[in-house]
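Below is one structure; the comments refer to it alone.
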Amino acid sequence: QKAEWEKLKNEATVTADGKHFDIAANIGTPDDLQGVIDNGAEGVGLYRTEFLYMQSEELPTEDDQFNAYKKVLEGMNGKAVVVRTMDIGGDKHLSYLPLPEEMNPFLGYRAIRISLDRQEIFRTQLRALLRASAFGQLRIMFPMIGTLQEFRDAKKIFEEEKSKLVAKGVEVSDNIQLGMMMEVPAAAILADQFAKEVDFFSIGTNDLIQYTMAADRGNEHVSYLYQPYNPSILRLVKHVIDSAHKEGKWAGMCGEAAGDNIMVPLLLGMGLDEYSMSATSVLRVRSLMKKLSTADLKELAEKAVSESVTNEDNEKLVESYINK
Ligand code: PEP
Ligand code: MG
Numbered sequence: 251q252k253a254e255w256e257k258l259k260n261e262a263t264v265t266a267d268g269k270h271f272d273i274a275a276n277i278g279t280p281d282d283l284q285g286v287i288d289n290g291a292e293g294v295g296l297y298r299t300e301f302l303y304m305q306s307e308e309l310p311t312e313d314d315q316f317n318a319y320k321k322v323l324e325g326m327n328g329k330a331v332v333v334r335t336m337d338i339g340g341d342k343h344l345s346y347l348p349l350p351e352e353m354n355p356f357l358g359y360r361a362i363r364i365s366l367d368r369q370e371i372f373r374t375q376l377r378a379l380l381r382a383s384a385f386g387q388l389r390i391m392f393p394m395i396g397t398l399q400e401f402r403d404a405k406k407i408f409e410e411e412k413s414k415l416v417a418k419g420v421e422v423s424d425n426i427q428l429g430m431m432m433e434v435p436a437a438a439i440l441a442d443q444f445a446k447e448v449d450f451f452s453i454g455t456n457d458l459i460q461y462t463m464a465a466d467r468g469n470e471h472v473s474y475l476y477q478p479y480n481p482s483i484l485r486l487v488k489h490v491i492d493s494a495h496k497e498g499k500w501a502g503m504c505g506e507a508a509g510d511n512i513m514v515p516l517l518l519g520m521g522l523d524e525y526s527m528s529a530t531s532v533l534r535v536r537s538l539m540k541k542l543s544t545a546d547l548k549e550l551a552e553k554a555v556s557e558s559v560t561n562e563d564n565e566k567l568v569e570s571y572i573n574k
């Protein structure tokens with residue numbers, strides 16, 4: 251099987267009925283680029299920049315960050331790179347940035363909530379990104395957006411930093427898409443409103459499942475509740491995709507589910523545009539998509555979204571279709 255997948259390395263991702271989709275890779279550092287290239291990914295769909303902060307003894311400087319972002323953009327040779335602004339907090343800590351002890355860290359001070367509060371950290375990151383944008387196709391997304399106000403505030407800060415750099419004569423791309431992670435249920439429910447203001451969504455199922463099911467993503471005692479194919483998750487995902495498309499925007503997924511053998515057929519049926527996963531999954535999923543026809547899957551996904559009751563219903567639905 252590995253040998254068969256290997257042959258797909260330099261091929262585009264096309265389904266049995268001729269539809270093209272982008273399979274991108276998730277990375278944590280510029281060192282991960284080689285794996286992305288070796289596995290023939292069509293872009294980077296999630297660059298988790300918090301690793302830059304976690305590997306450092308102090309806040310990374312604007313230049314440190316600029317160099318890392320530039321390396322990734324240049325390495326991808328004009329292919330799209332979606333950079334997520336810092337997602338610290340929850341289970342990710344920085345020795346040099348003490349965060350308050352919290353009862354519920356995953357519901358607490360993290361990600362965009364920190365960025366909007368500690369704006370000097372956020373503005374430094376945005377300046378580094380803006381400067382790097384001249385070296386490739388940069389897209390930026392904000393993690394853990396829960397309200398439209400948060401997105402508007404983040405966008406405003408981005409625009410301010412951009413204007414300041416442009417006024418100074420710094421070269422900055424005029425074509426940076428600004429999007430958001432869809433990982434907070436409140437935002438997913440209001441996706442139709444968000445879609446009017448963002449350039450794209452990237453669905454973060456790792457967190458979206460945890461928050462929708464009220465089940466800690468790392469807690470084995472409640473892992474039975476962590477159900478990627480639960481109809482509630484599928485309905486949210488469908489609503490996010492449809493809302494994006496209604497406004498002419500694109501929707502991707504960068505949580506683990508994007509590379510899942512059961513989920514991929516359902517996502518194709520729902521019309522998800524971009525699939526971002528660990529580099530080692532890219533060829534497996536490309537091979538799977540080649541065998542699938544989106545026309546059939548549309549019906550399958552409709553059925554899953556409107557008729558299914560349990561996680562297992564959907565698992566069986568897809569399995570019986572694949573083994574047919
Ligand atoms: C997610 O929540 O699905 C996601 C991709 O982000 P992370 O796993 O970094 O929280
Ligand atoms: Mg997340």
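Everything in the sequence shown is counted per full-length UniProt numbering, starting at 251 for the first residue and increasing by one.
No residue lacks a Cβ here, since even glycine has one placed at the ideal position from N, Cα and C.
Nothing here was measured: the structure is a model prediction, and the numbers come from that model.
Can you tell me which of the three DSSP states Lys342 falls into?
For the purposes of this step, residue 342 is identified with residue 92 of the sequence shown, where counting begins at 1. Strand.
Taking the alpha carbon of Leu309 as the reference point, which residue from Val331, Val322 and Met336 has its own alpha carbon closest?
Residue numbering aside, residue 309 sits at position 59 when the sequence shown is read from its first letter. Closest by alpha carbon: Met336.
Classify Pro348 as buried or exposed, calling it buried when 16 or more other Cβ atoms lie within 10 Å of its own Cβ.
Here residue 348 refers to the residue found at position 98 when the sequence shown is read from its first residue. Per the 10 Å Cβ criterion, exposed.
Would you report the Cα separation of Glu477 and Glu562, rounded to the nearest angstrom?
Numbered from 1 along the sequence shown, position 227 holds the residue referred to as residue 477. Numbered from 1 along the sequence shown, position 312 holds the residue referred to as residue 562. Correcting the residue identity first, residue 477 is Gln in this sequence and not Glu. Approximately 9 Å between the Cα atoms of the pair.
What does the Cβ neighbour count give for Tyr479, buried or exposed, with the cut at 16 atoms within 10 Å?
In the sequence shown, residue 479 corresponds to position 229, counting from 1. Label assigned to Tyr479: buried.
Quick one: does the C-beta of Pro393 sit closer than 8 Å to a heavy atom of ligand 2?
By 1-based counting over the sequence shown, the position of residue 393 is 143. True, at least one ligand heavy atom lies under 8 Å from that Cβ.
Measuring from the CB of Glu433, is there a heavy atom of ligand 2 at a distance below 8 Å?
Position 183 of the sequence shown, counting from 1, holds the residue named residue 433. Result yes, Cβ under 8 Å from ligand 2.
Closest to Lys342 by C-alpha separation, out of Arg360, Gly328, Leu323 and Leu522, would be which residue?
As a working note, residue 342 is residue 92 in the sequence shown. Of Arg360, Gly328, Leu323 and Leu522, the residue nearest in Cα terms is Arg360.
Tell me, which residues are paired with Ile273 by DSSP?
Along the sequence shown, read from residue 1 onward, the residue named residue 273 stands at position 23. DSSP lists Tyr525 as partners of Ile273.
Give the straight-line distance between the Cα atoms of Ala275 and Ile439, rounded to the nearest whole angstrom.
Within the sequence shown, residue 275 is the residue found at index 25, counting from 1. Within the sequence shown, residue 439 is the residue found at index 189, counting from 1. Going from the Cα of Ala275 to the Cα of Ile439 covers about 27 Å.
Taking the alpha-carbon of Gln369 as reference, which of Leu567, Tyr346, Phe385 and Lys406 has the nearest alpha-carbon?
Here residue 369 is taken as the residue at index 119 of the sequence shown, counted from 1. It is Lys406 whose Cα lies nearest to the Cα of Gln369.
Looking only at its own chain, which residues have a Cβ that is under 6 Å from the Cβ of Ser551, when we skip the five neighbours before and after it?
What you label residue 551 is simply residue 301 of the sequence shown in a count that begins at 1. Position check: residue 551 holds Ala in this sequence, whereas Ser was assumed. Hits under 6 Å: Leu516, Gly519 and Met520.
Taking only the alpha-carbon atoms, compute the straight-line gap between Thr544 and Ala291 and give it to the nearest angstrom.
As a working note, residue 544 is residue 294 in the sequence shown. As a working note, residue 291 is residue 41 in the sequence shown. If I take the Cα positions, the gap works out to 21 Å.
Within 8 Å: the Cβ of Glu506 and any heavy atom of ligand 1?
Position 256 of the sequence shown, counted from the start, is the residue given in the question as residue 506. Within the cutoff, so yes.
From which residue to which residue does the alpha helix (DSSP H) around Ala551 run?
Walking along the sequence shown from the start, residue 551 turns up at place 301. Start and end: Thr544 to Glu557.
With a threshold of 8 Å on Cβ separation, who are the neighbours of Ser528 within its own chain once the five nearest residues in sequence on each side are excluded?
Indexing the sequence shown from 1 puts residue 528 at position 278. Ala275, Asn276 and Gly509, listed in sequence order.
Is the CB-CB distance between Phe301 and Arg389 below 9 Å?
Here the question's residue 301 lines up with position 51 in the sequence shown. Here the question's residue 389 lines up with position 139 in the sequence shown. Contact: no.
For the stretch 399-474, list the alpha helix (DSSP H) runs that are entirely contained and at least 4 residues long, ordered along the chain.
Those alpha helix (DSSP H) runs which fall completely within the stretch 399-474 and span 4+ residues are 435-439, 441-444 and 455-462.
Taking 9 Å as the threshold (C-beta atoms), are Leu379 and Gln460 in contact?
Sequence index remark: in the sequence shown, residue 460 carries index 210 (1-based). Sequence index remark: in the sequence shown, residue 379 carries index 129 (1-based). For Gln460 and Leu379, no; Cβs fall outside 9 Å.
Starting from Met520, trace the alpha helix (DSSP H) both ways and give me its first and last residue.
What you label residue 520 is simply residue 270 of the sequence shown in a count that begins at 1. Per DSSP, Met520 belongs to the alpha helix (DSSP H) from Met513 to Met520.
Sorted by chain position, which residues of the same chain lie with C-beta nearer than 8 Å to Glu261's C-beta, five sequence neighbours on each side aside?
Mapped onto the sequence shown, residue 261 falls at position 11. Taken in chain order, the residues that qualify are Gly290 and Arg536.
Closer than 8 Å to a non-hydrogen atom of ligand 1 - does that hold for the CB of Thr530?
Here residue 530 is taken as the residue at index 280 of the sequence shown, counted from 1. No, since every heavy atom of ligand 1 falls outside the 8 Å radius drawn around the Cβ of Thr530.
Are three or more beta carbon pairs between the stretch 430-446 and the stretch 483-502 nearer than 8 Å?
Yes, since at least three Cβ pairs between the stretch 430-446 and the stretch 483-502 fall closer than 8 Å, the two stretches touch.
Please confirm whether any heavy atom of ligand 1 lies closer than 8 Å to the CB of Asn260.
Taking the first residue of the sequence shown as 1, we reach residue 260 at position 10. Every heavy atom of ligand 1 is 8 Å or more from the Cβ of Asn260, so no.
Rounding to the nearest angstrom, what Cα-Cα distance links Lys541 and Thr265 in this structure?
By one-based count along the sequence shown, residue 541 stands at place 291. By one-based count along the sequence shown, residue 265 stands at place 15. Distance between the alpha carbons of Lys541 and Thr265 is about 6 Å.
Ile572 bridges to which residues according to DSSP?
Stepping through the sequence shown from its first residue, residue 572 is reached at position 322. According to DSSP, Ile572 bridges with nothing at all.
On a CA-only basis, which of Glu470, Glu549 and Gly278 is nearest Cys504? Give me that one, please.
By one-based count along the sequence shown, residue 504 stands at place 254. Of the candidates Glu470, Glu549 and Gly278, the one whose C-alpha sits nearest the C-alpha of Cys504 is Gly278.
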